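Right, one structure below, let's go through it.
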Amino acid sequence: MSLKSLMQRYVDQNNLHDYEGSVATKIEDVRFYRSKNGHSRQPMMYKSGIIVLGQGRKALYAGGKRICYGEGDCLIMGVPMPVECEAFPSNNEPLLGISIQIHMPLLQKLVAKIKHHRDVDFQPVHSEQSIRREPIDTKLNAACERLMLALCDDLEAAVIGQALLEEVIFFALMSKSGNTLFTLADQEGRYARIASVLQEIHTNYSSALNVSELASSANMSVSSFHTAFRNVTLESPIQYIKKVRLNKGRELICFQGKRVNEAADLVGYSSAAQFSREFKRQFNLAPKDAASTVG
Numbered sequence: 001m002s003l004k005s006l007m008q009r010y011v012d013q014n015n016l017h018d019y020e021g022s023v024a025t026k027i028e029d030v031r032f033y034r035s036k037n038g039h040s041r042q043p044m045m046y047k048s049g050i051i052v053l054g055q056g057r058k059a060l061y062a063g064g065k066r067i068c069y070g071e072g073d074c075l076i077m078g079v080p081m082p083v084e085c086e087a088f089p090s091n092n093e094p095l096l097g098i099s100i101q102i103h104m105p106l107l108q109k110l111v112a113k114i115k116h117h118r119d120v121d122f123q124p125v126h127s128e129q130s131i132r133r134e135p136i137d138t139k140l141n142a143a144c145e146r147l148m149l150a151l152c153d154d155l156e157a158a159v160i161g162q163a164l165l166e167e168v169i170f171f172a173l174m175s176k177s178g179n180t181l182f183t184l185a186d187q188e189g190r191y192a193r194i195a196s197v198l199q200e201i202h203t204n205y206s207s208a209l210n211v212s213e214l215a216s217s218a219n220m221s222v223s224s225f226h227t228a229f230r231n232v233t234l235e236s237p238i239q240y241i242k243k244v245r246l247n248k249g250r251e252l253i254c255f256q257g258k259r260v261n262e263a264a265d266l267v268g269y270s271s272a273a274q275f276s277r278e279f280k281r282q283f284n285l286a287p288k289d290a291a292s293t294v295g
């Protein structure tokens, strides 16, 4: 069966015919995505990892560039990126896809094994390569199909799901865009050090985050940190932190039913009024109206 057919089988087995959005699967760190409606261009935070679409297409906008991907494509996100995204169903058929979160210990383990058996000459990642799209090659496609087959069988998901997940990440590493992941695993490189700072931001976004302290944690001067940060994320540190907080605030309002002042406080704003102003500037609607746009 094709990857598209396996994704449709997963929809049928899990009664997701009317579902909109992403849902956790029986394999940890793998989420399944379905959307019948698609959506117009809107700001969001894309998590780091691998995204594979079996049906439909999407367009991402970041740093003045438009990146389109669809059926048969693989998207590799080296770090969490604030982007604008629009989604297009195909011939009135829903978008179908999977996303895979990659944890650093697993990535480093796989990279170490690859380097043990083969000399790997990967090029440093530049800013425009933090988001990489390419057609899925034969081996990666076969690995994704095996992963989807396991998702359709609870026993396989429980017993060999993790191994199949590692297989997909391995073939992504060995793909033409794999240098993004290799560079991420090189903890001494600037790209990986910025990635570590981003993890800190996503963990402690509700706290007072000081750019000088973040630079110090990356073992960089403030000036070098600003340059490296923008090269990786296409944003300044302050703008990136703001977008993380606003996206988290939107999630709290839309999906957890928090009031605007509660959400503002939980994501680190001391002023609900300031949160509301910046929210409206980012999402083009007031936070009190955001929940009505979901579903």
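Note that full-length UniProt numbering gives residue 278 to position 278 of the sequence shown, counting from 1, and the numbers run on in steps of one.
By construction, the Cβ of each residue, glycine as well, lies at the ideal position given by its N, Cα and C atoms.
Predicted model only: the values in this text are computed from it and were never measured.
Helix, strand or coil: how does DSSP classify L184 here? helix
In whole angstroms, what separates the C-alpha of L173 from that of C74? 12 Å
A228 to Y191 span [Cα, whole Å]: 8 Å
What does DSSP give as the partner residue(s) for I67 in the beta ladder? L60
Helix, strand or coil: which one does DSSP assign to D154? helix
Select from K115, M220, I67 and L110 the residue whose C-alpha is nearest the C-alpha of E167. Comparing alpha-carbon positions, the option among K115, M220, I67 and L110 lying closest to E167 turns out to be L110.
Three-pair Cβ contact test at 8 Å for the segment 177–192 versus the segment 81–101: no
Rounded to the nearest angstrom, how far is the Cβ of L53 from that of E71, given a contact under 8 Å? In this structure L53 touches E71 by the C-beta definition: roughly 6 Å separates them, less than 8 Å.
Roughly how many angstroms lie between the CA atoms of S2 and N141, to the nearest whole one? Answer to the nearest angstrom: the Cα atoms are 9 Å apart.
Sheet register partners of S39 (DSSP bridge): For the record, residue 39 in the displayed sequence is His; it is not Ser. DSSP output for H39 lists A87 as bridge partner(s).
For S90, which option in I76, H117, R57 and G249 has the closest C-alpha, if you only look at C-alpha atoms? Residue R57 is the option with its Cα nearest to S90.
E213: buried (16+ other C-beta within 10 angstroms of its C-beta) or exposed? Classification of E213: exposed, given that the 10 Å Cβ count is below 16.
Are R146 and L164 closer than 7 Å when you measure CB to CB? The criterion of a C-beta distance shorter than 7 Å is satisfied by R146 and L164.
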